[in-house]
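There are 2 protein chains.
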Amino acid sequence: MDLLARRLQERAKQLGISNAEAARRVGLEERRYAHYASGRREPDLATLVRIAATLGTTPNWLLGVPAGPDIDADVSTLVERFAYAANSMSLRELELCVIQAEAVAAAPRK
Amino acid sequence: MDLLARRLQERAKQLGISNAEAARRVGLEERRYAHYASGRREPDLATLVRIAATLGTTPNWLLGVPAGPDIDADVSTLVERFAYAANSMSLRELELCVIQAEAVAAAPRK
DNA sequence: GCGGAAACACTACATATTGTTCCTATATCA
DNA sequence: TGATATAGGAACAATATGTAGTGTTTCCGC
């Protein structure tokens, strides 16, 4: 399986949507998107960018390019997801999410 | 002119090399690379990644994807706070925070 | 149990796009 | 002048893509 395909599957799972739903959101025909998600075909660059934007990720992540040199890949991926989700929130909601996260970070470890 | 083409030209200039030299470094035939650098053709995804790596950039930059999806200053400040808090969390905790944030973002507005 | 919708895999083919070759032109330098 | 390097145009065979048809499996309401 191709890396892009795995990432598309993974991202859909993260968002809790089916590939067909992802296709609809991106504005592509189901079958066409299914080709990308199965690794049989590759999208052109403009389509890649649109898919990444719609799914709340970046071409870098879809193509398996590490975000930063020193940063932990898993952490930065999760922070990116948060940053994207932040755009769909009101400022107040975002603030509450951050407060909650800071509380989690400050919670005593066992 | 295509964006990728402009970025390739810009990057070559930054590195102080010709397009032909860039082609050699990436390991592509001059003519083929020249097509990318002129916007007449698009590379496949694997080639794009290789070009980006060789030229010391990323697919995101070559495709013009902004570093951070957020634009608002208040939003990016809060995201930064989150990123800082993320360092004090376990990966699992961070993941749960992100899932929670995504759920908030996806919740219907009144 | 049954019908229908949804998701996904496989095949096929006309079309569009690419990789490559051949050719021309300009600039630089020995 | 001759040699070398870079850049780009035109054209064609090879390749990859978009789309359609078909079939299978799973799930859900009745």
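First to last, the sequence lines map onto chains Z and P. Under our numbering, the first residue of the first sequence carries the number 1, and numbering increases by one thereafter. Under our numbering, the first residue of the second sequence carries the number 111, and numbering increases by one thereafter. Every residue, glycine too, gets a C-beta built ideally from N, C-alpha and C.
So is residue i in contact with chain P if we call contact Cβ pairs under 9 Å?
i, result
"L94/Z", "yes"
"S18/Z", "no"
"A22/Z", "no"
"L14/Z", "Just to set this straight, residue 14/Z is Gln in the shown sequence, not Leu. For Q14/Z, the answer is yes, since a Cβ of chain P falls inside 9 Å of its Cβ."
Could you give the C-beta distance for residue i and residue j, rounded to a whole number, given that I count them as a contact under 8 Å?
i, j, result
"L45/Z", "L173/P", "6 Å"
"V79/Z", "A193/P", "5 Å"
"A101/Z", "A217/P", "That belief does not hold up - the Cβ atoms of A101/Z and A217/P are roughly 17 Å apart, past 8 Å."
By a C-beta neighbour count over all protein chains shown, 10 Å radius and 16 as the cutoff for buried, is residue i buried or exposed?
i, result
"T58/Z", "buried"
"A22/Z", "buried"
"E139/P", "exposed"
"A73/Z", "exposed"
"L204/P", "buried"
"A162/P", "buried"
Can a CB atom of chain Z be found closer than 9 Å to the CB of residue i?
i, result
"A211/P", "yes"
"E152/P", "yes"
"L165/P", "no"
"R191/P", "yes"
"L155/P", "yes"
For residue i, I'd like the list of residues in its chain whose CB is within less than 8 Å of its CB, leaving aside the five on either flank, ordered along the chain.
i, result
"A147/P", "A115, L118, Q119, A122, N129 and A132"
"L125/P", "A132, L165 and G166"
"H35/Z", "R41"
"M199/P", "C207"
So, for residue i: in the same chain, excluding its five sequence neighbours on each side, which residues have a beta-carbon less than 7 Å away from its beta-carbon?
i, result
"R160/P", "V136"
Which residues in chain Z sit within 9 Å of residue i, going by Cβ to Cβ distance?
i, result
"S198/P", "E102, V104, A105 and A106"
"V136/P", "Going along chain Z, no residue has its Cβ under 9 Å from V136/P, so there is no contact; the nearest lies around 15 Å."
Apart from the five residues just before and just after residue i, which ones in its own chain have a Cβ nearer than 6 Å to its Cβ?
i, result
"D2/Z", "G39"
"L221/P", "Missing from the structure shown is residue 221/P; chain P here goes from 111 to 220 and no further."
So with CB distances below 9 Å, who are the chain P contacts of residue i?
i, result
"R91/Z", "Reading off the sequence, residue 91/Z comes out as Leu, not Arg. Result: D182, D184, V185 and L188."
Taking Cβ-Cβ distances shorter than 7 Å, what residues in chain P pair up with residue i?
i, result
"T58/Z", "N170 and V175"
Under 8 Å Cβ-Cβ, which residues of chain P neighbour residue i?
i, result
"L4/Z", "L155"
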